[in-house]
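Chains as they are written, first to last, in the numbering used here: chain D, 333 to 472; chain P, 333 to 472. Glycine included, C-beta positions come from ideal geometry on N, C-alpha and C.
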DNA sequence: CTGGATCCTAGGCGATACTG
DNA sequence: CAGTATCGCCTAGGATCCAG
């Protein structure tokens, strides 16, 4: 997709945008929650677990803006609002779920790599200098 | 992968972690930059474009910790450090590139949806209050 | 050239309170 | 029930200076 010799940052701007969506804290969780059909505001909230009403509203709006989710209002009392994945939204599930599968398949490899890295960090101080060797105390 | 009736948040924690990686500002850009072979610190920097040395170092470290990138130091003067995708890193490219392709394929749909949404937002002010109607500039 | 330590700001996100 | 408005924390991430 990218020729290879040009900045490569510009060549994948649209990809960057989508990756941000995928990586943000709640979007994909909501998309997955809606995979089996429409849900109401509070149903999504319950499904997502710890999301705040503020973030749910914002995320839903933004998902709607991107055309991934549709919003249907039924002006009764109390009001009823149903959210549903659009065709575009459903199509996004495929690559996203592939990514999810990758995560599960390689979970142990990642865990192992992290453990090994952390172990090395504790053992090799800074290149021979005798250092107390705090495991990178709670600073940053 | 998730039974469907449990919180669903906990069932995909590892996926969430990976999604965050994919979604963060520089990780995938670096992974893609390394797709054709090892690069030195400043070569990656040049390829990425606007990244700060701080973020490059941090991202690289964290990629290394996750076992996606390997770091090889050649202690010459000046020092030479090569970064290369590990097998795990390469395997991640597949789902990530799939996501990238999705982004390109549906770019126009998303653009259209956003334009339509913004247009609607401009028409329906806020329940009658005359609003100037700034289009809420969406940059990055 | 590689990369650590510091400082500083924008904004993501949660908590809470209020409206229709 | 659905949604908005306000506040305040906290972290991502850029700029800069220093060191090996």
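Is the stretch 372-381 of chain P touching the stretch 408-416 of chain P, taking contact as three or more C-beta pairs under 8 Å?
Three or more Cβ pairs drawn from the stretch 372-381 of chain P and the stretch 408-416 of chain P lie within less than 8 Å of each other, which places the two stretches in contact.
Got a sec: is the Cβ-Cβ distance from residue 413 (chain P) to anything in chain D below 9 Å?
Under the Cβ distance rule, residue 413 (chain P) does not count among the residues neighbouring chain D, no pair being separated by less than 9 Å.
Hey, could you find the ends of the alpha helix (DSSP H) residue 450 (chain P) is sitting in?
For residue 450 (chain P), the uninterrupted alpha helix (DSSP H) run begins and ends at 419-455, by DSSP.
Using the rule of at least 16 other Cβ atoms within 10 Å of the residue's Cβ for burial, across every protein chain shown, is residue 405 (chain D) buried or exposed?
Around the CB of residue 405 (chain D), fewer than 16 other CB atoms lie within 10 Å, so the residue is classed as exposed.
Sequence-distant residues of the same chain with beta carbon closer than 7 Å to residue 424 (chain D), five excluded per side
Cβ-Cβ distances below 7 Å link residue 424 (chain D) to 363, 400 in the same chain, with the five nearest sequence neighbours on each side left out; the list follows chain order.
Cβ-Cβ separation, residue 360 (chain P) to residue 360 (chain D) (assumed contact under 8 Å), whole Å
15 Å between Cβ atoms; not a contact.
Can you grab the Cα-Cα spacing for the pair residue 427 (chain P) / residue 430 (chain D), in whole Å?
Approximately 6 Å between the Cα atoms of the pair.
What separation, rounded to the nearest whole angstrom, lies between the Cα atoms of residue 379 (chain D) and residue 388 (chain D)?
Spanning the two alpha carbons is a distance of roughly 11 Å.
If contact means a Cβ-Cβ distance below 8 Å, which residues of the stretch 361-373 of chain D contact chain P?
Listed by position, the residues of the stretch 361-373 of chain D near chain P (Cβ gap below 8 Å) are 361, 364, 365, 368.
With distance defined between alpha-carbon atoms, name the residue in D:377, D:391, D:343, D:417 nearest to residue 381 (chain P).
Comparing alpha-carbon positions, the option among D:377, D:391, D:343, D:417 lying closest to residue 381 (chain P) turns out to be D:343.
DSSP beta-bridge partners for residue 371 (chain P)?
Looking at the DSSP output, residue 371 (chain P) bridges to P:415.
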